[in-house]
């Protein structure tokens, strides 16, 4: 008898889990709100597999699970799991990379389009007191799509989906991803850059889609933003720590960057003291009018995506725990 623990009780029942995992697996649920340390110890003692969405899995949490063999992160990113400690203990770590692809790509494109077509500019201006004059407002943020290069940093599933959407809208599309084999650019009909610097120099819109690893933490900072063309737009729907928020605030304030759309921040939810850019945004400071959109890490969301998270996570548990497969296993060297 295997035991699978879902510590957050994300769904109203366990019918799907029971159907997919079968009678030889017991499903336990907890009521965690912020930490696995909240779990009753008897639940931890019995768990062979852990399925978690919002909860971090640090060493001190792993210390509570004497039988644990598998951690399934119910999402694409796996930076909340102490994978080095899991590897030391022989615990496999998996993610669910094939959910939310459409939603995150759609959100990245929507953020770019709402900025580049001036929707945020006019939305903010029409609600101002007094409102902006009726008619065209001169702004360097508004550009024709086909006059721009849409740069994609990280051409995984979501980056590829974003590339196809941008291409269909008329953008020139280029990407940088050192881990992809030759020919990916040919298959998609987009441009491949041989360095991050080359991508940045070409990108009128920079859309970030790489995972958060040791190599990508702080990857886009002040020096990188300075390479973007004047009045570029930056979009981040990946992970907050990839982009230096203070550097972005300086680039926006100095009018080197025209606008930004962020679904993610370095610390979520934000804590005091707030980052300067978030504070200015929340205060409605005039210099940011129409130039910045911040979302609370919801790019993945749709009812269909929530169904996918559940189904694909349970299927991953079944494949790895019961069938001995390597479905969605993250190799220790992935960082």
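Numbering (this note's numbering), first residue to last: 2 to 336. Just so it is clear, CB atoms sit at the ideal spot from N, CA and C, and this is done for glycine as well.
Where do the N-terminal and C-terminal ends of the beta strand (DSSP E) with residue i fall, by residue?
i: residue 28; result: 26 to 30
i: residue 74; result: 71 to 74
i: residue 95; result: 93 to 95
i: residue 173; result: 173 to 177
i: residue 21; result: Looking at the DSSP string, residue 21 is not in any beta strand (DSSP E); the run it does join, the alpha helix (DSSP H), is 16 to 22.
i: residue 155; result: Neither: residue 155 is in no beta strand (DSSP E) and is coded neither H nor E.
Within 10 angstroms of its Cβ, does residue i collect 16 or more other Cβ (buried), or is it exposed?
i: residue 297; result: exposed
i: residue 10; result: exposed
i: residue 100; result: buried
i: residue 98; result: buried
i: residue 79; result: buried
i: residue 299; result: exposed
i: residue 180; result: exposed
i: residue 304; result: exposed
i: residue 203; result: buried
i: residue 127; result: exposed
i: residue 196; result: exposed
i: residue 272; result: exposed
i: residue 178; result: buried
i: residue 285; result: exposed
i: residue 183; result: exposed
i: residue 324; result: exposed
i: residue 14; result: exposed
i: residue 256; result: exposed
i: residue 309; result: buried
i: residue 210; result: buried
i: residue 215; result: exposed
i: residue 283; result: exposed
i: residue 313; result: buried
i: residue 166; result: buried
i: residue 160; result: buried
Take residue i and list the residues in its own chain whose beta-carbon comes closer than 7 Å to its own, dropping the five residues that flank it on each side.
i: residue 311; result: 12, 17
i: residue 25; result: 2, 3
i: residue 33; result: 8, 9, 39, 40, 56
i: residue 112; result: 236, 262, 294
i: residue 331; result: 79, 84, 94, 95, 96
i: residue 45; result: 65, 66
i: residue 62; result: 37, 38
i: residue 164; result: 153, 156, 174, 176, 189, 191
Going by DSSP, what residue range makes up the alpha helix (DSSP H) through residue i?
i: residue 314; result: 304 to 318
i: residue 126; result: 120 to 127
i: residue 115; result: 102 to 117
i: residue 51; result: Unbroken run through residue 51 is the beta strand (DSSP E), 50 to 53; no alpha helix (DSSP H).
i: residue 167; result: 158 to 169
i: residue 6; result: Here residue 6 belongs to no alpha helix (DSSP H); instead the beta strand (DSSP E) covers 3 to 7.
i: residue 44; result: 42 to 47
i: residue 63; result: 60 to 63
i: residue 90; result: 84 to 90
Excluding the 5 residues flanking residue i on each side, which residues of the same chain have their C-beta closer than 8 Å to its C-beta?
i: residue 338; result: Coverage of the chain is limited to positions 2 through 336, which leaves residue 338 absent and any answer about it impossible.
i: residue 49; result: 3, 4, 5, 68, 69, 70, 71, 322
i: residue 175; result: 150, 151, 152, 153, 191, 192, 193, 194, 200, 203, 204
i: residue 279; result: 246, 266, 271, 295
i: residue 258; result: 226, 229, 232, 233, 234, 235, 249, 252
i: residue 1; result: Here the chain covers residues 2 to 336 and nothing more, so residue 1 does not appear.
i: residue 119; result: 138, 140, 142, 143, 291
i: residue 82; result: 57, 58, 72, 74, 94
i: residue 328; result: 95, 316, 317, 320, 321
i: residue 219; result: 242, 243, 245
Can you list, in chain order, the residues of its chain whose CB lies under 6 Å from that of residue i, leaving out five sequence neighbours each side?
i: residue 291; result: 121, 122, 125
i: residue 30; result: 7, 10
i: residue 171; result: 146, 147
i: residue 315; result: 18, 21
i: residue 141; result: 232, 259
i: residue 217; result: 211, 243
i: residue 337; result: Since the first residue shown for the chain is 2 and the last is 336, residue 337 is missing from the structure and cannot be characterised.
Compute the minimum distance between the beta carbon of residue i and the heavy atoms of the ligand ZN, and state whether it is under 6 Å.
i: residue 292; result: Among the components modelled here there is no ligand, and therefore nothing to report on the ligand ZN.
contact_flag[the region 245 to 256, the region 218 to 236] where n(CB pairs < 8 Å) is 3 or more
Under the three-pair Cβ rule at 8 Å, the region 245 to 256 counts as touching the region 218 to 236.
For the region 263 to 298, which segments carrying the beta strand (DSSP E) assignment without a break, of at least 3 residues, lie completely within its bounds, in sequence order?
You should have 293 to 295.
For the pair the region 314 to 323 and the region 101 to 110, tell me if three or more CB-CB distances fall below 8 Å.
Result no; under three Cβ-Cβ pairs closer than 8 Å.
Uninterrupted beta strand (DSSP E) stretches inside the region 189 to 250 (no shorter than 3 residues):
For the region 189 to 250, the continuous beta strand (DSSP E) assignments of 3+ residues that do not extend past its boundaries occur at 206 to 209, 233 to 237, in sequence order.
Stretch-stretch touch, CB-based, cutoff 8 Å, three pairs: the region 236 to 243 with the region 263 to 274:
As far as the Cβ criterion goes, the region 236 to 243 touches the region 263 to 274, which means the pair count is three or higher.
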